[in-house]
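> When we follow our numbering, the leftmost residue of the sequence shown carries the number 1315, and every step to the right adds one.
Note that the Cβ used here is the ideal one computed from N, Cα and C, for glycine as well.
Dropping a structure here in structure tokens format, bear with me for questions.
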Amino acid sequence: FVLMVSSWLFTHRFYQHAAAVQGFLQLVRNNPFPQTVAGFIRQCDAVLSHDTRTRVSRIATPTRIIVGAEDTLTPTRYSQWLAERIPGAELVWVKNLGHKPDWIVPELVVAAVEKIAGRPVDLQAMARTRSSTPRISPP
């Protein structure tokens, strides 16, 4: 099942790198708690029925929004919408990235957390200069 929906997670470029694909397949095979189709349907139902748009502007914690420019599961316009409404939010666009920045560019995700903790980090520069070679580095 995960292999069927994996096209929503990664860009077509990801599948041109055998080592990255093998890493993903190994991760899927070793998952002790694989998601079932029924579980995925319940997750989709929850996402579709949970609406907090009227409360987004009340978020008062430091917020970094990392979005893959080629995310087909969560289109970038939604990230833009969030960034415009969360006070002080920073939107970080990553070209050639799909839905899983935590797997493909984990160093950027870590840097975003470090920035929230007070470390001076230029996330925009990191996003611009990230490696174009995908790899799987699951959390």
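1) So, do the stretch 1378 to 1393 and the stretch 1422 to 1438 have three or more beta carbon pairs nearer to each other than 8 Å?
2) Do Pro-1376 and Gly-1353 have their C-beta atoms closer together than 8 Å?
3) Any idea which residues DSSP pairs Arg-1378 with across the strands?
4) Secondary structure at Arg-1372, three-state DSSP: helix, strand or coil?
5) Going by the CB atoms, is the gap between Phe-1315 and Gln-1357 shorter than 8 Å?
6) Expressed to the nearest angstrom, what Euclidean distance is found between the alpha-carbon atoms of Leu-1405 and Arg-1391?
7) Give the DSSP-derived three-state secondary structure of Leu-1411 in the structure shown.
8) Assuming Leu-1437 is part of the alpha helix (DSSP H), what are its boundary residues?
9) Figure out for me which residue from Asp-1359, Leu-1317, Val-1361, Phe-1324 has the closest Cα to the Cα of Gln-1340.
10) By Cβ distance, which residues of its chain are closer than 6 Å to Ile-1373, with the 5 residues on each side in sequence left out?
11) By the three-class DSSP mapping on this structure, what secondary structure does Gly-1337 have?
For this structure:
1) yes
2) no
3) Glu-1404
4) helix
5) no
6) 11 Å
7) coil
8) 1437 to 1443
9) Leu-1317
10) Ile-1400
11) helix
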